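Residue numbers (my numbering): 192 to 315.
Glycine residues also receive a C-beta, built at the ideal position from the N, C-alpha and C atoms.
All figures in this text were calculated on a predicted structure; none of them were measured in a lab.
Worksheet: one structure, shown below.
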Amino acid sequence: MDILLIERDHLVRDQVKVGLQQFPEFTVACGEGYAAVNELRQKHFDCVFLGVNTEDKEGLKLLKHLRSFERSVEVVVMTSARNAKDMARDKSKMNIGSFLTTPIEAPEFFRLVSRMRDRKAMEV
192 MDILLIERDH
202 LVRDQVKVGL
212 QQFPEFTVAC
222 GEGYAAVNEL
232 RQKHFDCVFL
242 GVNTEDKEGL
252 KLLKHLRSFE
262 RSVEVVVMTS
272 ARNAKDMARD
282 KSKMNIGSFL
292 TTPIEAPEFF
302 RLVSRMRDRK
312 AMEV
């Protein structure tokens with residue numbers, strides 16, 4: 192599975208990257224901002240982990256930009272629990288696959304990865 196990880200917070204980005212690299216079937220590309228989102232125009236990714244910060248609206252703008260040209264890729268939004276609750280009403284409209292709350296807790300992260308792997312296995 193090719194995964195694009197877009198997160199400005201280096202701590203969160205490193206936690207997710209290291210966690211995903213524990214699985215040999217995952218390859219992870221990291222980036223920030225619009226340049227990272229535009230990588231979807233160059234290469235196919237199976238999943239995008241996108242950080243949405245509650246203090247600024249850049250992450251939400253990136254999500255809207257991503258969805259303006261790519262509707263099929265699975266998106267996991269990484270954000271605070273409060274922001275995830277606020278964004279839940281837009282989950283189907285923005286085609287958000289899952290939310291991963293920050294700060295990241297290992298059991299929640301690995302449950303999410305397990306569900307992703309199960310879905311991918313069912314596709315084959």
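Cβ-Cβ distance between residue i and residue j below 8 Å
i, j, result
"D247", "M192", "no"
"K194", "L241", "The residue asked about is misnamed: residue 194 is Ile in this sequence, not Lys. Not a contact, by the Cβ cut-off of 8 Å."
"T292", "A272", "yes"
"V219", "Q212", "yes"
"V228", "L202", "no"
"V207", "I295", "yes"
"Y225", "L253", "yes"
"V268", "V304", "no"
"G222", "E216", "no"
DSSP beta-bridge partners of residue i
i, result
"S289", "V267"
"D281", "Partner(s): none; D281 has no beta bridge."
"A220", "L195"
Buried or exposed by the 16-neighbour rule on C-beta atoms within 10 Å, applied to residue i
i, result
"F260", "exposed"
"M307", "buried"
"M313", "exposed"
Q | the region 250-265 / the region 281-288 touching (three or more Cβ pairs under 8 Å) | A | yes
(Q) Quick check on the DSSP output: what are the complete beta strand (DSSP E) runs of length 3 or more inside the region 226-277, in order along the chain? (A) 238-242, 265-271
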